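Residue numbers (UniProt numbering): 1 to 136. No residue lacks a Cβ here, since even glycine has one placed at the ideal position from N, Cα and C. A quick note: this is a predicted structure, and the numbers were derived from the prediction, not measured.
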């Protein structure tokens, strides 16, 4: 009976350790080895045949990867690459907005990109995300 308990305890311990292994491996995954958006769904807006992704969602989603970036407000939108996102991710997900051009800064350099403005959220194209090294 004691032997059965030891075997059962060993099996349970092994099962717990093995089930945690994918999470540990996922935490160390370099985003350059896989798509940054595998198995996740950032808020999106579809407008005029283009898909726009909410900037803060993308920042939060890639925060633990080599592609991490922070989104700041400093008299305008500012992106700092190489820094984990520290802001909040909104719960609401508007499904429409207004297309416009946005002047923002990426690592201190001015960039103009098409965006969709939905409330206080900016949605960007996959082409803009590619400039940050993020491939969809």
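- The alpha-carbon separation between residue 135 and residue 58 amounts to approximately 11 angstroms.
- Classified as buried, residue 43 has 16 or more neighbouring CB atoms from the shown chains inside 10 Å of its CB.
- Taking each of 87, 123 and 83 in turn and checking the Cα distance to residue 107, the smallest one comes out for 83.
- In the three-state DSSP reduction, residue 58 falls in the helix class (H, G or I).
- Under the DSSP assignment, residue 105 falls in the beta strand (DSSP E) whose first and last residues are 98-106.
- For residue 80, the pairing in a beta bridge is given by DSSP as 70.
- When the beta-carbon positions are compared, residue 118 and residue 97 come within less than 8 angstroms of each other.
- Residue environment for residue 74: exposed (fewer than 16 other C-beta atoms within 10 angstroms of its C-beta).
- In the three-state reduction of the DSSP assignment, residue 118 falls in the strand class.
- No Cβ-Cβ contact shorter than 8 angstroms links residue 77 with residue 47.
- When secondary structure is reduced to three states using DSSP, residue 65 falls in the coil class, being assigned neither helix nor strand.
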